[in-house]
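Just so you know, the sequence shown maps onto residues 2 to 296 in this note's numbering. Quick reminder that beta carbons are idealized off the backbone N, C-alpha and C, glycines included. Below: the structure, in structure tokens.
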Amino acid sequence: MARKYTSWTKVVNAFLENKRYQVQDETHRQVGNKLKHFSRKFGPSDPKNLTTQMFRKWIRELQLTLAASTVKGIQCTCRQMFDWLNHPVAAQIKGDKIVIPEKAIRTYSDGELAQILHWCIQPHAIKGHRRSAVYLLIAATSAMRPGEIVRLKWENWNFEERMFRVMQTKTKVARFSCVTRSAAIVIEEWRKECAAGQQMEWVIPSLVLPGQHVFPGAMGTRVKKLGKRIWDIDQFNTKTFRSTVARRVIESGGTYEDAAAILGHKSIETTRRFYHRIKMNHRARCAHDKAFEGL
Numbered sequence: 002m003a004r005k006y007t008s009w010t011k012v013v014n015a016f017l018e019n020k021r022y023q024v025q026d027e028t029h030r031q032v033g034n035k036l037k038h039f040s041r042k043f044g045p046s047d048p049k050n051l052t053t054q055m056f057r058k059w060i061r062e063l064q065l066t067l068a069a070s071t072v073k074g075i076q077c078t079c080r081q082m083f084d085w086l087n088h089p090v091a092a093q094i095k096g097d098k099i100v101i102p103e104k105a106i107r108t109y110s111d112g113e114l115a116q117i118l119h120w121c122i123q124p125h126a127i128k129g130h131r132r133s134a135v136y137l138l139i140a141a142t143s144a145m146r147p148g149e150i151v152r153l154k155w156e157n158w159n160f161e162e163r164m165f166r167v168m169q170t171k172t173k174v175a176r177f178s179c180v181t182r183s184a185a186i187v188i189e190e191w192r193k194e195c196a197a198g199q200q201m202e203w204v205i206p207s208l209v210l211p212g213q214h215v216f217p218g219a220m221g222t223r224v225k226k227l228g229k230r231i232w233d234i235d236q237f238n239t240k241t242f243r244s245t246v247a248r249r250v251i252e253s254g255g256t257y258e259d260a261a262a263i264l265g266h267k268s269i270e271t272t273r274r275f276y277h278r279i280k281m282n283h284r285a286r287c288a289h290d291k292a293f294e295g296l
């Protein structure tokens, strides 16, 4: 190993400090959360004593209590740390793979989507939820990721074009993202309210930290409660809007290239795999309904 550390705790801290200047704050936090699992198990031990067998055994133990996707994320993050440290385990676990079972991808029905959008543009309905309504409108009509929405700035909003320039993206490539006409009107009204309140930087400002954008997790928790209370939708989240937009784009005659551009996918193949699961879920449901029609 090129770098010398006396414990894994020190390795983790040094790795996170190195990562701080390479990734966005939200990604850095996620990396830290993944490595917390590793620190709990190996923190005080000497890095030189870690073997491939020990690491693989720990990964198998995690699979008994955590979701496969979570364990895969932890494994990949640990492998990155081992590579950075030049630890011999890195090369030995390079081919290790964790199979993630494909789950059904949920999309909102046309009725559910119409209810959500109708609520968001009704001033008498949203009352004290104006910020949440704007957040939901952007998510539902643009298919942006939650982390992209909370980092939008007013300087990148164009009302005439109904368009945001998304500067901070998961793929690190800026793109343009449109919203519907009704959504644009509400967003523009919200911009004027923010200007009156001297909050002219972030589109979704924090109510706790002046001058900062809202934290993605906090906004996610807030809209999840709204979804259950107002529309009685279990597991309501903004990520489902992305799959809903993908379905509507393809079914309305759009191409995979169109869907990839809207969703912000770096590769069209990602969009193809993503939509294939949505399409098959929809076909299975339609086939089931037809089989039991009239009963």
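On the DSSP letters alone, give me the boundaries of the alpha helix (DSSP H) that residue i sits inside.
| i | result |
| --- | --- |
| Ser133 | 131-143 |
| Ala262 | 257-264 |
| Glu190 | 182-197 |
| Trp85 | 69-86 |
| Trp120 | 111-121 |
| Pro217 | 217-231 |
| Met201 | It is not in any alpha helix (DSSP H) - Met201 carries neither H nor E in the DSSP assignment. |
| Pro147 | 147-151 |
| Ala247 | 240-252 |
| Phe56 | 53-63 |
| Ala92 | 90-93 |
What residue range is occupied by the uninterrupted beta strand (DSSP E) comprising residue i?
| i | result |
| --- | --- |
| Arg176 | 176-179 |
| Met164 | 164-167 |
Are the beta-carbon atoms belonging to residue i and residue j less than 8 Å from one another?
| i | j | result |
| --- | --- | --- |
| Tyr109 | Val224 | no |
| His130 | Leu227 | yes |
| Lys20 | Gly74 | no |
| Ile231 | Val215 | no |
| Lys37 | Trp59 | no |
| Arg80 | Ala68 | no |
| Thr10 | Gly44 | yes |
| Thr170 | Gly265 | yes |
| Ser178 | Phe160 | no |
| Leu153 | Ala184 | no |
| Gln93 | Thr53 | yes |
| Ser70 | Ile117 | no |
| Ala140 | Phe242 | yes |
| Val302 | Pro217 | This structure cannot speak to residue 302, because the chain is shown only from 2 to 296. |
| Cys121 | Ala105 | no |
| Thr272 | Ala260 | yes |
Have a look at the options and flag the residue whose alpha-carbon is nearest the alpha-carbon of residue i.
| i | options | result |
| --- | --- | --- |
| Lys50 | Ala219, His88, Asn238 | Inspection of the sequence shows that residue 50 is occupied by Asn rather than by Lys. Cα-wise, what sits closest to Asn50 is His88. |
| Ala15 | Phe83, Asp235, Met168, Ile269 | Phe83 |
| Thr239 | Pro48, Ala219, Ile186, Thr28 | Ala219 |
| Arg107 | Tyr257, Gly255, Ile234 | Ile234 |
| Gln200 | Val174, Glu156, Lys229, Phe237 | Glu156 |
| Thr28 | Glu113, Val100, Ile122, Gly148 | Gly148 |
| Ser8 | Tyr22, Asp26, Ser40, Val24 | Ser40 |
| Val12 | Asp26, Val24, Ser46 | Ser46 |
| Arg1 | His277, Leu208, Ile99 | In the structure as shown, the chain starts at 2 and stops at 296, and residue 1 therefore has no counterpart that could be examined. |
Just to check my reading of the structure: residue i and residue j have Cβ atoms closer than 8 Å, yes? What is that Cβ distance to the nearest angstrom?
| i | j | result |
| --- | --- | --- |
| Val250 | Ile263 | 6 Å |
| Leu17 | Pro48 | Their Cβ separation, rounded to whole angstroms, is 15 Å, which puts Leu17 and Pro48 out of contact at 8 Å. |
| Val167 | Arg176 | 5 Å |
| Ala115 | Val246 | Rounded, the Cβ-Cβ distance is 14 Å, inconsistent with contact. |
| Thr359 | Lys267 | Because the chain here runs from 2 to 296, residue 359 falls outside it and cannot be looked at. |
| Gln76 | Asp97 | 7 Å |
Are there any heavy atoms of the ligand GDP lying less than 7 Å away from the beta-carbon of residue i, as far as the coordinates show?
| i | result |
| --- | --- |
| Trp232 | No copy of the ligand GDP occurs in the structure displayed, which carries no ligand at all. |
Problem - Complete alpha helix (DSSP H) runs within the segment 20-45 (minimum length 4 residues, chain order) - result: 26-43
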